[in-house]
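Asks:
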Amino acid sequence: MKIALRLYATLRDYLPEGHDTGVTLELPEGATIPDALAVLGVPLSLAHIIMIGGRHVLRPDVQSRQLKDGEELAVFPAIGGG
Amino acid sequence: MDRIVRVNMSELTTSVEPVPAAWVGLGGRALTSTIVAAEVPPTCHALGPSNKLVFAPGLLSGTAAANSGRLSCGAKSPLTGGIKESNAGGTAAKMLAKLGIRALIVEGQPKEDKWYSVHVAKDAITIQEETELLGKGNYCLVNNVQARYGKPVGIMSVGPAGEMKMLSANISVADPEAHIRSLGRGGLGAVMGAKKIKFISIDDTGTPPVMPKEPAKFKEAAKIFAQTLLDHPVSGQGLPTYGTDVLVNILHEAGGLPTRNFTSGQYVDHDKISGETMHATIVARGGMPTHGCHPGCQIQCSQIYNDKDGKYLTSGFEYETIWGLGADCCISDLDDIAEADHIMDDIGVDSIETAVMFGVAMEAGVLPFGDGKGVVRMLREEIGKGTSLGRILGAGTANVGRVFGVTRVPVVKNQGIPAYDPRSVKGIGVTYAMSTMGADHTSGYAIATNILSVGGHVDPLKKDGQIDLARNLNIATAAIDSTGMCLFIAFPALDIPACLTSLIDMINACFGINLSGDDVTALGKSVLKTEHAFNIAAGLTKEHDRLPEFFSLERVPPHNAIWDFTPEELDTYWNF
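As they're listed, the protein sequences go chains A and B.
Mapping to the numbering used here: the first sequence position 20 is 260, numbers consecutive.
Mapping to the numbering used here: the second sequence position 423 is 501, numbers consecutive.
1. Under 9 Å, Cβ to Cβ, is there at least one residue of chain B near R295(A)?
2. Does any CB atom of chain A fall closer than 9 Å to the CB of A556(B)?
3. What are the boundary residues of the beta strand (DSSP E) that Q378(B) is part of?
4. Would you identify the three-state DSSP class for N492(B), choosing helix, strand or coil?
5. Which residues does DSSP pair with E311(A) in a beta bridge?
6. Could you check what DSSP says for P300(A) in three-state terms: helix, strand or coil?
7. Please classify Q206(B) as buried or exposed, where buried requires at least 16 neighbouring CB atoms within 10 angstroms.
8. Just how far apart, CA to CA, sit E210(B) and G232(B)?
9. So Y523(B) contacts chain A; which residues on that side make the cut at Cβ distance below 8 Å?
10. Quick one: what does DSSP say E89(B) is sitting in, helix, strand or coil?
11. Taking the C-alpha atoms as reference points, what is the distance between V85(B) and I161(B)?
12. With DSSP as the reference, label C218(B) as helix, strand or coil.
13. Here's a check: name, in chain order, each residue in its chain whose Cβ is nearer than 8 Å to the Cβ of Q187(B), leaving out the five neighbours to either side.
14. Just to confirm, are F340(B) and P98(B) a CB contact at a threshold of 9 Å?
15. Specify the secondary structure class of G595(B) as computed by DSSP and reduced to three states.
16. For L298(A) and chain B, any beta-carbon pair shorter than 9 Å?
17. Let me make sure I understand the geometry here. Which of A239(B), S342(B), A170(B) has the alpha-carbon closest to that of V634(B)?
18. Does chain A have any CB closer than 9 Å to the CB of T319(B)?
19. Are G147(B) and G617(B) closer than 9 Å when you measure CB to CB?
20. What are the start and end residues of the beta strand (DSSP E) that includes G452(B)?
21. Going by DSSP, name the residue or residues bridged to I292(A).
22. Check for me: the beta strand (DSSP E) holding A181(B) runs from which residue to which?
23. Could you name each continuous alpha helix (DSSP H) segment of 4 residues or more that falls completely within the stretch 528 to 599 of chain B, going from the start of the chain to the end?
24. Within 10 angstroms of its Cβ, does I656(B) collect 16 or more other Cβ (buried), or is it exposed?
25. Report all residues from its chain with a CB closer than 8 Å to the CB of G364(B); omit the five preceding and five following residues, and keep chain order.
26. Please list, in chain order, the chain B residues whose beta carbon lies closer than 7 Å to that of A314(A).
27. If distances are taken between C-alpha atoms only, which option among E311(A), R299(A), L255(A) comes closest to V279(A)?
28. Can you tell me whether C109(B) is buried or exposed? The criterion is at least 16 other CB atoms within 10 Å of its CB, across all chains shown.
29. Per the contact definition of three or more C-beta pairs closer than 8 Å, is the stretch 344 to 363 of chain B in contact with the stretch 371 to 384 of chain B?
30. Among V490(B), G314(B), L565(B), I249(B), which residue has its Cα nearest to the Cα of G522(B)?
31. Show which residues of chain B have a CB atom less than 7 Å away from the CB atom of M291(A).
32. G402(B) and A433(B): beta carbons closer than 9 Å?
33. What in chain A is Cβ-close to F569(B), meaning under 8 Å?
34. Pull up the CB-CB distance for E185(B) and D559(B), whole angstroms please, since I reckon it's below 8 Å.
35. With a Cβ-Cβ cutoff of 9 Å, do Q544(B) and V508(B) count as a contact?
36. Taking just the CA atoms, how far does G353(B) sit from S429(B)?
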């Protein structure tokens, strides 16, 4: 299955050359959020805010939430402003 | 010796008095709101002689405490018709605190059609007629006044918008680099203009630093407090690196980035105006990605943004400004937005009110969506020069909506709604509706918990828990706004217990008192109740604690979210 992974702020340092904002990943069925992040070597500890389709995935669900084909995963470090 | 300074513009006299017993122990917003509530008739005309303009440093301003240099300014707002407190960085708070001035109260109104400046120094407070700088912008004014005195005096000033008493006019405060910080919201620049004061300068020469009553205790607490700011990833890393504009992308992802005058929650060109893009642009042009808005700022979320030729263009280039002209007005060129930001600082208009207003003006067809050059021209040629159109645009979002017959007008109590769609981020919607300030994200920043996972998480799309969240944040913020602390200390304070305890320890050591956490909460509640009572007496009833109707009629993509709080639910906010 294919998912879109978008990284923000300091996490963009983990993107491969030629990709400014995110990548499309080919993952096996049943892959989880940590599986997706592992492809780019993003430490899970830095993934402070995770959204799928614009909805937050909370910390207790991060390990178990299985990705589905076509989903969009957005990952942020701790950020703030206002 | 702590004192209260009064500047009477009717008589053109100044006076100094001891701090009355009822005001001892108050600072910042607690003091400005207490004074306004005590001395300003709630039904007075905000631009008439009965209104008072009150400046107050925070409780910890002038001490060695990190991030304690915020200046509060209060009055009855000509924009909302209610009480107003707006705060900013700059050098003025520290200087006033060093001079022992807990509050500077400007009252009355000159009888003659003349303009004045006020100079505050250790031995004298004087009023002088001002002619040379009339009509001048704030950047020019700051340079001229500091050249006059031959030193970096503190300055609070109004630009042409304040002179013309526009409802979007702000008060500028000089920062350590002689750039501009803003007492932005609520039209306080119009109140200063109505007092016919072009600027107030402050010279703290000959004054010692503010010394805590218990120096050793203070030093220990200050060290712990500063460490918590460094340790938290938001105040220690995120804000210094990207500034507040880092929020563009996450609000876009969450579907809460108001776009094209609040008709969508996502902006196709979000990355062009994002904090990541701004950071890269600043670095490439030799600007400064980190910069403090006041002496002693440790978070350093400000920046110096240069133009394509590497020359200074603007600083304090904030998310709400960039969102407003960017997503809400669909201007994707960050340089156009930066130029507009510079002009808004220079002519002295609130960049949130003005950006939200342009979104409504674009919907009305005054200019097309996306017309960055048009915005720059209108700021400079219409608003800055006070043409008939400029006077209308400078009167703020609500008035522009009325003049042009627009129904999608994002305001509460006539003040423009900032940067976060209340339908898809419901906690901030409660703050917008209920804040004593009119729509003001800073008065109870539910984004922290709805979007940023700071202080836990409350689902932004559900109603559950939002009223309690907004109430608690508004109470805590009213207390923080009274300390002189930058509101961004709330990020570590929500997650690291030692941040709040060391803050209270600093206050106790500074004044030789023994406040508890409950006392601080009680202070926040007391401030809100004082402000609420003023608003009710001014005619702002619970029917004004509501969002505009269109939020309940129009669903906003991508979540198709709607504003669905009932009036009865909202009114429970005041159950404390």
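We put the CB at the ideal spot given by N, CA and C, even for glycine.
From a predicted model like this one, the values you see are computed outputs, not experimental measurements.
Replies: Taking the structure as given:
1. It does; some Cβ of chain B falls within 9 Å.
2. No, because no Cβ of chain A sits closer than 9 Å to the Cβ of A556(B).
3. No beta strand (DSSP E) holds Q378(B); DSSP gives it neither H nor E.
4. Coil.
5. Answer by DSSP bridge pairing: none, since E311(A) is not bridged.
6. Note: P300(A) maps to helix in three-state DSSP.
7. Taking all protein chains in view, the Cβ of Q206(B) is surrounded by fewer than 16 other Cβ atoms within 10 Å, so the residue is classified as exposed.
8. When only Cα atoms are considered, E210(B) and G232(B) end up about 19 Å apart.
9. Residues of chain A passing the Cβ test: G322.
10. Of the three classes helix, strand and coil, the one that applies to E89(B) here is coil, per DSSP.
11. Straight through space, the alpha carbons of I161(B) and V85(B) are spaced by roughly 20 Å.
12. Of the three classes helix, strand and coil, the one that applies to C218(B) here is helix, per DSSP.
13. Here the set comprises M87, S88, G126, P127, A272, K273, K274.
14. No; because the gap between Cβ atoms is not below 9 Å, this pair is not in contact.
15. Here G595(B) sits in helix by DSSP.
16. By this cut-off, L298(A) is an interface position.
17. Minimum Cα distance to V634(B) is reached at S342(B).
18. It does: the Cβ of T319(B) has a partner Cβ on chain A nearer than 9 Å.
19. By the CB criterion at 9 Å, G147(B) and G617(B) fall outside the cutoff.
20. Segment 450 to 455 is the alpha helix (DSSP H) holding G452(B); no beta strand (DSSP E) there.
21. Beta-bridge pairing links I292(A) to R295(A), L313(A).
22. Per DSSP, A181(B) belongs to the beta strand (DSSP E) from 179 to 185.
23. Counting only runs of 4+ residues, the alpha helix (DSSP H) found wholly inside the stretch 528 to 599 of chain B occupies 544 to 561, 568 to 573, 575 to 589, in chain order.
24. With chain B covering 79 to 654 only, the question about residue 656(B) has no answer from this structure.
25. Correct list, in chain order: N384, G388.
26. Near A314(A) (Cβ distances below 7 Å), the residues of chain B are E331.
27. V279(A) has its Cα closest to that of L255(A), out of E311(A), R299(A), L255(A).
28. Strictly speaking, residue 109(B) in this sequence is Leu, with Cys absent from that position. The C-beta of L109(B) has 16 or more other C-beta atoms within 10 Å across all chains shown, which makes the residue buried.
29. Yes, they touch.
30. Comparing Cα positions, the closest option is L565(B).
31. Here the neighbours are E331, A332.
32. At the C-beta level, G402(B) and A433(B) come within 9 Å of one another.
33. For F569(B), the C-beta contacts it makes with chain A under 8 Å involve G320, in order along the chain.
34. Contact doesn't hold; Cβ gap of about 23 Å is too wide.
35. The Cβ atoms of Q544(B) and V508(B) lie closer than 9 Å to each other.
36. Approximately 18 Å, taken between the alpha carbons.
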